[in-house]
Each structure stands twice: as structure tokens, then as C-alpha cells.
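Line by line, the protein sequences are chains A and B.
Quick note: to get this note's numbering, add 788 to the position in the first sequence (first position is 1).
Quick note: to get this note's numbering, add 2 to the position in the second sequence (first position is 1).
Glycine included, each C-beta is placed from N, C-alpha and C at the ideal position.
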Amino acid sequence: MSANTYSFRPYNVGRFVLWSLFALVLLVAPKLFTSSLAMTMLTQMGIAIIVCLSYNMLLGQGGMLSFGHAVYSGLGAFAAIHTLNKVGAGEWAIPVMLIPIVGGIAGLLVAVLLGAVSTKKSGNTFAMITLGVGELVWSMSLMLPEFFGGEGGVSSNRVVGTPFLGLTFGPQIQVYYLIAVYCFICTALMFAFTQTPLGRMLNAVRDNPERVEFIGYDTQRVRYFAFMIAGFFAGIAGGLYAVNFEIVTAEVVGAQRSGAYLLFTFLGGSLFFFGPIIGAVLLVLASVLLSELTKAWLLYLGLVFLLMVMYAPGGIASLLMMNMRLAAYGFLRRLWTSYLALAGTSLTVLTAVAVIVEMVYHIKLNEALGPQMSFAGVMLDTRGTDAWVGALLLLATGVGLFEVSRRQFVRHWGQVQEDIEAEIQRREGL
Amino acid sequence: METFFVFFLNGISYGLLLFMLSSGLTLIFSMMGVLNFAHTSFYMMGAYFAYALAGTLGFFPALIIAPLLVGLLGAAFERYSLRKVHVYGHVPELLVTFGLSYVVLEVVRLVWGPANVDYRVPESLSGPLFTLANVKGQGLSWLAGAGDAAICGPASGNSCTQFPIYRGFMALVALFMLGSLWLLLTRTRIGLIIQAALTHPDTTQALGHNVPRVMMGVFGGGCALAGLAGVIGGNAFVTEPNMAASVGAIIFVVVVVGGMGSLAGAFLASLLIGLIQTFAVVIDVSAASVMQNLGSPVGFDHWAYPLLKISVSQMAPILPYLLLVLILIFRPKGLLGTREE
Chain A
789 MSANTYSFRP YNVGRFVLWS LFALVLLVAP KLFTSSLAMT MLTQMGIAII
839 VCLSYNMLLG QGGMLSFGHA VYSGLGAFAA IHTLNKVGAG EWAIPVMLIP
889 IVGGIAGLLV AVLLGAVSTK KSGNTFAMIT LGVGELVWSM SLMLPEFFGG
939 EGGVSSNRVV GTPFLGLTFG PQIQVYYLIA VYCFICTALM FAFTQTPLGR
989 MLNAVRDNPE RVEFIGYDTQ RVRYFAFMIA GFFAGIAGGL YAVNFEIVTA
1039 EVVGAQRSGA YLLFTFLGGS LFFFGPIIGA VLLVLASVLL SELTKAWLLY
1089 LGLVFLLMVM YAPGGIASLL MMNMRLAAYG FLRRLWTSYL ALAGTSLTVL
1139 TAVAVIVEMV YHIKLNEALG PQMSFAGVML DTRGTDAWVG ALLLLATGVG
1189 LFEVSRRQFV RHWGQVQEDI EAEIQRREGL
Chain B
3 METFFVFFLN GISYGLLLFM LSSGLTLIFS MMGVLNFAHT SFYMMGAYFA
53 YALAGTLGFF PALIIAPLLV GLLGAAFERY SLRKVHVYGH VPELLVTFGL
103 SYVVLEVVRL VWGPANVDYR VPESLSGPLF TLANVKGQGL SWLAGAGDAA
153 ICGPASGNSC TQFPIYRGFM ALVALFMLGS LWLLLTRTRI GLIIQAALTH
203 PDTTQALGHN VPRVMMGVFG GGCALAGLAG VIGGNAFVTE PNMAASVGAI
253 IFVVVVVGGM GSLAGAFLAS LLIGLIQTFA VVIDVSAASV MQNLGSPVGF
303 DHWAYPLLKI SVSQMAPILP YLLLVLILIF RPKGLLGTRE E
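Spelled out as C-alpha cells, the structure:
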């Protein structure tokens, strides 16, 4: 794999600009989106970014496919909420803004304990062990209502202790900025980790463990260290979750949440450092907005994920970077007609599929409301044949046209790649 | 004693069901290196297909047709999706099956609804197969069917435990299936090619066998096994959209505990976990109660009391995972595993 970071001398201008932009986005986002829905989503995005990045430390950088990452963020959240309650009861004196660190330490300790077992193996076995450990903790959460709060969970109040600089963390905006600060620092730290010798060794363990062993490193120990660090950052995200929601239920350690982290980290792109950030934004958008829009959102999600694994295993980030490469050589405009055709035809297919799925869901779930349903403002009669025939025809047309434009796109794409190679050779010749 | 015996048989039949699932998983894994995360989704499909077919055709045709349908779907998935991902390596392969498990779950919810469906044991197979009676003063006696009312009636005071026909049927189907699978793998030409493709895919390919097609067949066959397990397991337990997830983690535990890629190990681990899970639910002993009996009771206010008061029956769901952790600590290869990963 070629170097995935660019550096400029004597000052690393590009990196400086990127990080400043990231900080700026975190800073001004709540000024641009002021509604309370946007606020909750932004805070959740901040949390999701940390946890997805920490997950990618395992998946992308270490090649460890974990099915139990929610265990570390979830137990971090429980530790944080219990600490918050202790602070509220006046037993401990920890400022609220440091509560996420407590979550992080809890995540770290759990990772020290469970990681010792999980990281004994790599590859498929690792995946299965994390799944088993995840189930273990999930079942434990039902057996120990004293700690996990049973069905109702553990609730708390974040406005406790003495305010620091007038920050009570009562208003949502203060919590947002707390999360934003944590998000920025954690992102920076995790990026810094990729540049450390340990981070580099982790990549080596992912790519060629045998050779790493021959050089004299213990691959298991490298994985274990990475696992602990990932657990720490996941715990911080869990702590922020506890501060933000003021309630933690047992489902935060559940398999569903672990699955969501995996899904969206992959969708965002596990091969690039910034991929999980895209994934985290999508995670919140999908689970808040898409789930409001349609009951079938998990189906769409699964289908998109399947197609993504099959055709773009690098996720959205790799698609972006491939087009960046094109743009860098000035070839992007040669492809925009193909892109337009692809977008148009895939939109047709998507509409047709969505109509069919929504109609089936309507028949199954909303039978009582009658056969009429509204789809994007159009009334459809789920009992009549018109809508079904129309949808199927649309689907057939869409698939056909999509295949045609896809073939054309593949041809163009190949051509452009050849031209880029030629351009590279020409530049080298100069 | 009679309860113990019947529970033992129940545990065996559950363990055999687990082995039907884990054998397909192990075969697919050792052949293709693919950990089929959606394996229990195929199990669920088997149960739902059988439910749909049993309504019109009856249970016994469904017993044949549903696994075949599931196998075909599995083969199609291998052909059109998994094979495309093969070039990217094992993690994307696992991910694509993970994605499939989402899609199958949602499609099942879409078609059959989120609640459990009424998939029942057929009339001819319901009822007790035999009854073990502990007759006062005479010891154990074995009675066919529900047992004599004179011996087992409520007035007699004897303790009787029944063993359902269907449990026996499950064990029988599983044993029959596994026997024929073993014969297929060891005694036929197809089995020979499969075994060859397992260890030396390139040579087998060079000898003119279509290895990708063999793999498709193995994947389809493994899925059909899972489907069959679904057909006979779906009505013994519950047929609901959650059934894939609830048994999925256990299957993976079985495969790791038995040793990755070892069929015999999977068999041993399946029976072990089947027995553990069956017996654990009836043992109502906790650390606290043991300490009480030993003469040093723990108070309610002791910090560890919530942990110590958990009885073995409450712990039943986590026992397989505890076993997994213990095995990983003391024998990372698995019970009969050979590869060190």
C-alpha cells in the first residue's frame, strides 16, 4: 500500500488546512443548524465519530473485524453514568467535563481484560470471539440489574457538581461543545496514533503477520495494545453518550449496536483515516432521519451494504479518493456524462425498488389504514394492479438502462485510468 | 434419575441440531475459508419456508422441499455475490454474509411479520414417545407412549417424565442426515473431489474439475443442512425473526470451541453445549446458596451478593460463552482443532 498521507516541507500546509477546517466545521455547525433536532443529531454525530474512528483502529488499521465493539463503548457509558450519580450524591468530586475520561478508563480496563482473550487469534476466529464476548456481556447485562439497571436502564442528571467557568452543561449547546472538543482531541490523538511506530506495526500486522513475526515482533501483543487503545476511545464515546442522554440502557452493549458500528465504519471507508467520520455522519443520519422516513430502513441499509462490499470495498472514502485522483489530473470532466447517466438510472432503480418495498410494507403493517398509501406525495393503490405493474416496469427499465450506462462507464473509466498512467509516465520522462 | 435421563436425551437431540448447523458452517469454512455469518439466516429461512409449505403441502413434503429451496438460494448467493468478493480477501467475504444476514432478517420480517408464526409439530409426531416412571418401591420402569394412567396418573404419586416423539424424530433426522453426509464425503466420487478440492484446489482444478462449481455446491449444501435444521428446529422451538441471531452466536461458539475447521470437534462441542444448556436450566444452585449450605451465608448487603446470588439456571444463557473464554485461555486450538491461527 502506498503512503496514504501527504506531507509538504517545511510546513505541512495541507494537513494544517484540513485540521483547521475540521475544527471550523465543529465550531460553526450549531450556528448553521439551529433546530433542536439538528442539535441532537450533531451531538450524536460527535459521539459516533469518536466511536467509529476507534472501531476503525481495529478494522481498518489492524484488520481485526470485531463484532463486539459496543461492549467497550457501552460499559464506558455505564461507568460514566454511575460516576455521574456518585457525583450527584456528593460522594465523589469529579467535574462533569472529565466524566468521559472516566468512561474511557473503564473502556480501557474492560479492553485489558477481554482483549487478552479476544486478541489471542486474528482473522475469522477473532471475529467469532468478539461476537461471543459481546453476547456474554449482553447476557450479563440482563442478569445483573443492579449494575445495568434492568429494563429501565440507569438514569442520571448531568447538572451536578460545581460549574467550571460557568459551564453547567444544562443547555444542549454546552454539551455539544463539550462533545466537539472531545471529538476534535480524540480524532487528533487517533490520527497521531496512526503515525506512531505502534500504529505502523499495526498496519504491518494487518498486511503480513508472518513477516512481522519473523522480524521479531509479537503480533498478538501489537493487536492487544491496539485493542486496548481502541477500547479507551470507545469508552470516551460511551462517557459522552452518558453525559448527553443522561440515561443508559442495556441495549448500548448489544449486538445490534456493534453491528451498526461495523456497518457504518465500512460504508464510510475503512481504508482511509477519515472514512469512519463519513460513516459516523451517515450512522446518525440513517438512524434518526431515515428511520423516521421509512420502516424498511434496515432493509435498504443491508442492501446498500451488500452492494458496497461487492462493488466498492473501500467505502465512500475510497470512491472520493479515486475521483480526487481523477480531478488531480484534470480528467474528471471527461466522466461527468457517465456519472450523470449512472446517477439517473440508479435513481430510477432505487425509486422502483422503494415503491415495491414500501407497498409490501404497507400491505403488511398498515392494512387497517386501507389500500391507499402515499409515496413521495403520490397516492398509490396497493390493491390495484396499476401501481405494481408500473413499479415493475420502472424497475425493468431502470435495471436495463443502468446496465447500459454501467458498461459505458466501465469503458470510460478504464480509458481514463490508462490516460492517467500515460500522464504519469510522461511526467516522469520530463 | 428419570428426569436426568430424559434431560440427557433432550440435550443430545438439541446438540445434534446444533451439529447440523455447525457442520455446514465448518464444511464451508474449511473449504472456502469463508465464515458464513448468515448461516443461521439460512436456518431461519428453512423454518419459515417449512411453515409456508406445511400449510399447503403438509409437513413431510416440506421437510424435503424447504431445505432444497434454501440450498438453491445459498448456491445462488455464492454464485452471484460471494464469488465476486472472493478476490478482496476473507474480511470482505465475512462482511458480505453479514450484510446478507441483515437483508434476510428484514425480508423475513417483511413477508411474515415481526411476531412469531404458528409453525407447529405435525399431529402424527406430537405426543410422548415414551415415559419413564419412577414407581415407588420398584425403581425405574419404561413405558411406551404416555404411560399407563394407573402408574402415572396424578393419584398414583409416582414421578413420571415423558420424552416427546418429536425430540426423537429430530435426533433421528439429524443422525440420518449426518450419516449420509459422512457416506457422501468418504464413500463417493463426489466426496472424493470435494476432499481433494479442500486440500489441493489448484491440483484438482488442473485435473479438470470445476472447483468454483464444487465450492458453490458445498456452500449450497451447507446452507441446505442449515435449512433442514431450521425445518426440524423451527417447530420444536420458536419460529420468529430473532431465531437467527439467538442461535447464531452459539453456533460460532461451537465452531471455535470444537476447533476451527474440525468436523469431529464441532460434533463434540455441539453435544457438549447442547447438554450444558439443557442441564443448566434445571440446576437451581447459586454461589450464595452453596455458601449458605457450607455454613457461611452471605448477607444481602454484601457487595458481591448480586453476583453470588445468580443461580446456574439464570446463568444458562452465558454458559456457552464462558466455555468459549475458558477454551481460549486453556486450549486456544479448540478441543480437536489442529490449526494455530
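C-beta neighbour in chain B for residue i, strict 9 Å
i                     : result
lysine 1152(A)        : yes
glutamate 1001(A)     : no
leucine 1091(A)       : yes
valine 1031(A)        : no
alanine 1084(A)       : yes
phenylalanine 1054(A) : yes
serine 1193(A)        : no
leucine 1138(A)       : no
phenylalanine 1197(A) : no
valine 1148(A)        : yes
phenylalanine 935(A)  : yes
glycine 938(A)        : no
alanine 1043(A)       : yes
methionine 1167(A)    : no
serine 823(A)         : no
glutamine 1205(A)     : no
tyrosine 1039(A)      : For the record, residue 1039(A) in the displayed sequence is glutamate; it is not tyrosine. Not an interface residue.
glutamate 923(A)      : yes
Within-9 Å CB hit, residue i to chain A
i                 : result
glutamate 108(B)  : yes
leucine 277(B)    : no
leucine 324(B)    : yes
alanine 251(B)    : yes
isoleucine 351(B) : Outside the shown range of chain B, which is 3 to 343, sits residue 351(B), and nothing can be said about it.
leucine 19(B)     : no
leucine 330(B)    : yes
tyrosine 16(B)    : no
histidine 211(B)  : no
glutamate 343(B)  : Bear in mind that the predicted position of glutamate 343(B) carries a pLDDT of just 47, short of 50, making it too unreliable to give a figure here.
histidine 92(B)   : yes
Opposing strand residues paired with residue i [DSSP bridges]
i                    : result
glutamine 197(B)     : DSSP output for glutamine 197(B) lists no bridge partner at all.
leucine 134(B)       : Trp144(B), Thr163(B)
glutamine 294(B)     : Looking at the DSSP assignment, glutamine 294(B) forms no beta bridge with any residue, so it has no partner.
serine 1075(A)       : Beta-bridge pairing links serine 1075(A) to no other residue.
phenylalanine 952(A) : Leu955(A)
threonine 241(B)     : Val119(B)
methionine 1167(A)   : Ser1162(A)
Neighbourhood of residue i by C-beta, 7 Å cutoff - its chain only, sequence neighbours within 5 removed
i                   : result
phenylalanine 79(B) : Leu102
histidine 350(B)    : Missing from the structure shown is residue 350(B); chain B here goes from 3 to 343 and no further.
alanine 817(A)      : Leu830
valine 900(A)       : Met1016
alanine 173(B)      : Ile14, Ser15, Leu18
leucine 930(A)      : Ala1038
leucine 338(B)      : Gly260, Gly261, Ser264, Ala266, Gly267, Leu270
threonine 1133(A)   : Gly1186, Leu1189, Phe1190, Ser1193
histidine 1150(A)   : Met1161, Thr1170
Neighbourhood of residue i by C-beta, 8 Å cutoff - its chain only, sequence neighbours within 5 removed
i                  : result
asparagine 1154(A) : Met1161
serine 313(B)      : Ile285, Asp286, Val287, Ser288, Ser291
glutamate 1001(A)  : Thr1007
leucine 325(B)     : Val255, Val259, Leu274, Ile275, Ile278
Residues near residue i in its chain [Cβ-Cβ closer than 6 Å; skip 5 each side]
i                 : result
alanine 246(B)    : Thr42, Ser43, Met46
serine 790(A)     : Only weak support exists for where serine 790(A) lies, its pLDDT of 42 falling under 50; the value from the coordinates is given anyway. Excluding residues within five positions, none has a Cβ falling inside 6 Å.
isoleucine 882(A) : Val875
alanine 228(B)    : Leu23, Gly26, His41, Phe44, Tyr45
If contact means a Cβ-Cβ distance below 8 Å, which residues of the stretch 893 to 917 of chain A contact chain B? Correct list: Val905, Lys908, Lys909, Ser910, Gly911, Asn912, Thr913, Ala915, Met916, Ile917.
Which residues, in chain order, does the stretch 296 to 318 of chain B contribute to contact with chain A at a C-beta distance below 8 Å? If the cut-off is 8 Å between Cβ atoms, the stretch 296 to 318 of chain B has Pro308, Leu309, Ile312, Gln316, Met317 near chain A.
Between the stretch 850 to 875 of chain A and chain B, which residues of the former have a C-beta closer than 7 Å to a C-beta of the latter? Along the stretch 850 to 875 of chain A, going in chain order, the ones with a CB nearer than 7 Å to a CB of chain B are Gly851, Leu853.
When Cβ atoms are compared, which residues of the stretch 1094 to 1120 of chain A fall closer than 7 Å to chain B? Look at the stretch 1094 to 1120 of chain A: the residues with a C-beta under 7 Å from a C-beta of chain B are Leu1094, Val1097, Met1098, Pro1101.
Determine which residues of the stretch 1056 to 1077 of chain A have a Cβ less than 8 Å from any Cβ of chain B, and write them out in chain order. If the cut-off is 8 Å between Cβ atoms, the stretch 1056 to 1077 of chain A has nothing near chain B.
Kindly confirm or deny that the stretch 1055 to 1069 of chain A and the stretch 867 to 882 of chain A touch, where touching means at least three C-beta pairs closer than 8 Å. With a cut-off of 8 Å, the stretch 867 to 882 of chain A and the stretch 1055 to 1069 of chain A do not count as touching, because too few Cβ pairs lie within range.
Would you be able to state if there are at least three C-beta pairs under 8 Å between the stretch 882 to 895 of chain A and the stretch 1025 to 1033 of chain A? The answer is yes - the stretch 882 to 895 of chain A touches the stretch 1025 to 1033 of chain A, with three or more Cβ pairs under 8 Å.
Using a Cβ distance threshold of 8 Å, determine whether the stretch 227 to 236 of chain B contacts the stretch 305 to 319 of chain B, with at least three qualifying pairs required. No, the stretch 227 to 236 of chain B is not in contact with the stretch 305 to 319 of chain B.
Counting pairs of Cβ atoms below 8 Å between the stretch 838 to 858 of chain A and the stretch 1040 to 1049 of chain A, do you hit three or more? Using a Cβ-Cβ distance cut-off of 8 Å, the stretch 838 to 858 of chain A and the stretch 1040 to 1049 of chain A are in contact, since at least three pairs of beta carbons, one from each stretch, lie closer than that value.
Taking beta-carbon pairs under 8 Å, can you tell me which members of the stretch 264 to 290 of chain B lie near chain A? With the criterion set as a beta carbon lying under 8 Å from some beta carbon of chain A, the stretch 264 to 290 of chain B has no members that meet it.
Across the stretch 60 to 69 of chain B and the stretch 204 to 223 of chain B, are there enough close Cβ pairs to call them in contact, namely three or more that are closer than 8 Å? Output reads no: the stretch 204 to 223 of chain B does not touch the stretch 60 to 69 of chain B.
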